[in-house]
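Novice: Note that the sequence shown covers residues -16 to -1, 1 to 150 in mature numbering (1 follows the signal peptide of the UniProt record, and there is no 0).
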Amino acid sequence: MLLAAASLALALPAAAQSSRAMSSAWAKALCAAWNEDETLTARLVESGWVKNDAGRGFKTMQIWRADCQGSERVEMRIALKQDKAQCVAAGAATAQALDPGSDYRMWAETPRWREMGAGEYGPMRAMMFGRLNFEGPKMEAMGNMVPFESFLLLVGKVAGDWGTCP
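What follows is the structure, given as structure tokens:
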């Protein structure tokens, strides 16, 4: 596992490695990491998650650090591509209105993102104890806890400066 994380960090461009966590550049690195994660790319197709896209051809996921007042939100767009749930775009949030039946918004304070990214606890505990705020199709999310946990772990694998707000 450590070797895979080290390999991922080496594969990322230097600019992405030194970017502030949850900045636009960091989101692009998260997108690349998503596409390398078999749990996300395969299981979210198997469960039908990726097809619930409000007829747009993609799902939007917005995330941000709650303790970084006024900082940008970042988003990822996930689409069915080559039979995989792939991240096809990422960066600063551009979607003004999200579809509550297909899209996701998640926010937490920086220490909580770091704890989830380190695998200290998974999404169920994070939401139960209010460590991760979440909006979106809750039943769909509940049926995809394993991929959701993989996503939270990616947050910890993608290099970034967590000390300063984006």
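Cβ coordinates follow ideal geometry from the N, Cα and C atoms, glycine included.
1. Are there three or more Cβ pairs, one per stretch, closer than 8 Å when the stretch 108 to 128 is compared with the stretch 69 to 80?
2. Can you tell me whether Leu(-7) is helix, strand or coil according to DSSP?
3. Tell whether a beta-carbon distance below 8 Å holds between Phe42 and Ala63.
4. Bridge partners for Met60 per DSSP, in chain order?
5. For Ala79, which option in Arg57, Leu137 and Pro95 has the closest C-alpha, if you only look at C-alpha atoms?
6. Give the DSSP bridge partners of Tyr105, in chain order.
7. Going by other Cβ atoms of all chains shown within 10 Å of its Cβ, with 16 needed for buried, is Arg89 buried or exposed?
8. Could you give the DSSP three-state label for Met6: helix, strand or coil?
9. Roughly how many angstroms lie between the CA atoms of Met100 and Gly85, to the nearest whole one?
10. Using only alpha-carbon positions, find the residue among Glu104, Thr148 and Arg98 that is nearest to Val142.
11. Using the rule of at least 16 other Cβ atoms within 10 Å of the residue's Cβ for burial, across every protein chain shown, is Gly147 buried or exposed?
12. Are Gly103 and Leu137 closer than 8 Å when you measure CB to CB?
Specialist: Taking the coordinates as given:
1. Too few Cβ pairs lie closer than 8 Å, so no.
2. Note on Leu(-7): pLDDT 46, under 50, position unreliable in the model; the coordinate value appears next. Of the three classes helix, strand and coil, the one that applies to Leu(-7) here is helix, per DSSP.
3. Taking 8 Å as the Cβ cut-off, Phe42 and Ala63 qualify as a contacting pair.
4. DSSP output for Met60 lists Met45 and Ala74 as bridge partner(s).
5. For Ala79, the nearest C-alpha among the options comes from Arg57.
6. None, per the DSSP bridge assignment.
7. Counting other Cβ atoms within 10 Å of its Cβ, Arg89 reaches 16 or more and is therefore classed as buried.
8. In the three-state DSSP reduction, Met6 falls in the coil class, being neither helix nor strand.
9. Between the C-alpha atoms of Met100 and Gly85 there is a straight-line separation of about 25 Å.
10. Out of Glu104, Thr148 and Arg98, Arg98 has the C-alpha closest to the C-alpha of Val142.
11. That one is exposed.
12. It is a contact, given that the beta carbons lie within the stated cut-off.
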